[in-house]
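A.B. asks: Numbering follows the UniProt record's numbering, in which position 118 of the sequence shown is assigned residue number 118; successive positions increment by one, without gaps.
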Amino acid sequence: MKIEKDRETTEKRLLTAVGEIIEESGLESLGVNAVAQRAGVSKMLIYRYFGSLEDLIAQYIMQRDYWVNIPTEIPGKNELNAFVKDMFREQIRQLREDKMLIRLYRWELSVNNPIVEQIRRKREENGIKLIEFISRISGVPFSQIQFLATMISSSITYLAMFGDVGKVYNGYDFKTDDSWEQLEKGINLIVDKWI
1 MKIEKDRETT EKRLLTAVGE IIEESGLESL GVNAVAQRAG VSKMLIYRYF GSLEDLIAQY
61 IMQRDYWVNI PTEIPGKNEL NAFVKDMFRE QIRQLREDKM LIRLYRWELS VNNPIVEQIR
121 RKREENGIKL IEFISRISGV PFSQIQFLAT MISSSITYLA MFGDVGKVYN GYDFKTDDSW
181 EQLEKGINLI VDKWI
């Protein structure tokens with residue numbers, strides 16, 4: 001039992017170290033030695049517990065990613081409208097609060113490697129499951145749900161990344177609560193017409 005507890009503690013320390021290094025120095029600074037030193041453990045434990053540095057980074061990202069971790073069970077038809085609105089509202093909340101996740105999304109757009117492919121596959125699996133459930137429960141064709149979900153979720157992600165560095169987009173300053181509230185209202189209108 002103690003060995004399992006020690007492993008769990010060490011894994012948490014390694015994951016925390018990844019986040020701290022990314023926050024302080026960016027993803028480019030991640031290396032086996034840097035992570036092990038920050039966590040205060042042998043670099044061999046990275047390989048033993050995660051397989052590779054890339055797998056450790058993937059685990060870190062997967063713990064934070066909204067679409068990777070979203071529950072794929074959908075409520076009944078009467079609660080579906082509210083569920084979909086809440087789903088997009090929660091995506092907005094997470095991206096506005098988690099600047100690290102925005103940084104990771106930017107990084108993801110600039111690389112194409114096994115870590116990124118693993119994360120994209122998991123997101124895609126969850127997204128397709130959600131779309132299938134929503135389509136089946138609502139009676140709206142899969143292709144319509146698929147298109148609207150893609151449009152809304154990608155818009156939220158882009159605007160969160162833009163708002164982190166940009167100024168104004170179509171007259172909205174996405175550094176302000178008011179602009180995000182207006183976006184939520186627009187999303188709610190779309191969902192009301194759609195489901």
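Each residue gets a CB set at the ideal place from its N, CA and C atoms; glycine is no exception. Please read these numbers as outputs of a predicted model, since none were measured by experiment.
On the premise that Arg13 lies in contact with Val41, defined as a C-beta separation below 8 Å, what is that separation, rounded to the nearest angstrom?
C.D. replies: Contact holds; Cβ gap of about 6 Å.
A.B. asks: Which ranges would you report for the alpha helix (DSSP H) in the stretch 51-101 if only whole runs of at least 4 residues count?
C.D. replies: Segments of the alpha helix (DSSP H) lying fully in the stretch 51-101: 53-64, 66-69, 77-97.
A.B. asks: Should Phe162 and Tyr172 be called a contact, given that it needs their Cβ atoms to be closer than 7 Å?
C.D. replies: No, Cβ-Cβ distance for Phe162 and Tyr172 is not below 7 Å.
A.B. asks: Starting from Val191 and walking both ways along the alpha helix (DSSP H), at which residues does that stretch end?
C.D. replies: Here the alpha helix (DSSP H) through Val191 covers 177-194.
A.B. asks: With distance defined between alpha-carbon atoms, name the residue in Ile156, Asn78, Lys185 nearest to Gly139.
C.D. replies: It is Asn78 whose Cα lies nearest to the Cα of Gly139.
A.B. asks: Just the Cα atoms here: how many angstroms apart are Glu54 and Ile115?
C.D. replies: One C-alpha to the other measures close to 6 Å.
A.B. asks: May I have the straight-line CA-CA distance separating Thr150 from Leu56, to the nearest angstrom?
C.D. replies: The straight-line gap from Cα to Cα measures roughly 28 Å.
A.B. asks: In the DSSP assignment, find the alpha helix (DSSP H) that holds Asn33 and state where it starts and stops.
C.D. replies: Taken as a continuous stretch (DSSP letters only), the alpha helix (DSSP H) holding Asn33 covers 32-39.
A.B. asks: Here's a check: name, in chain order, each residue in its chain whose Cβ is nearer than 6 Å to the Cβ of Gln146, leaving out the five neighbours to either side.
C.D. replies: Excluding sequence neighbours, Gln146 sits near Ile131.
A.B. asks: Can you give the Cα-Cα distance for Tyr49 and Val68, rounded to whole angstroms?
C.D. replies: Going by the C-alpha atoms only, they are around 21 Å apart.
A.B. asks: Quick one: measure Cβ to Cβ for Ile21 and Arg38, integer angstroms, because I've assumed they're closer than 8 Å.
C.D. replies: Contact flag correct, Cβ pair sits at about 6 Å.
A.B. asks: How many angstroms separate the CA atom of Phe133 from the CA atom of Leu80?
C.D. replies: Approximately 10 Å between the Cα atoms of the pair.
A.B. asks: Fully enclosed by the stretch 119-167, which alpha helix (DSSP H) runs are 4 residues long or longer?
C.D. replies: Runs found: 142-165.
A.B. asks: Of all Cβ atoms in chain B, is any one closer than 7 Å to the Cβ of Ser135?
C.D. replies: Considering every chain present, this structure includes no chain B. It has just one protein chain.
A.B. asks: With a threshold of 8 Å, are at least 3 pairs of Cβ atoms found where one atom belongs to the stretch 85-94 and the other to the stretch 173-187?
C.D. replies: Short answer: they touch.
A.B. asks: Out of Ala58, Glu117, Arg96, state which residue places its alpha-carbon closest to the alpha-carbon of Asp178.
C.D. replies: The shortest C-alpha separation from Asp178 is found at Arg96.
A.B. asks: In this structure, how does DSSP classify Thr16 when only helix, strand and coil are distinguished?
C.D. replies: Helix at Thr16.
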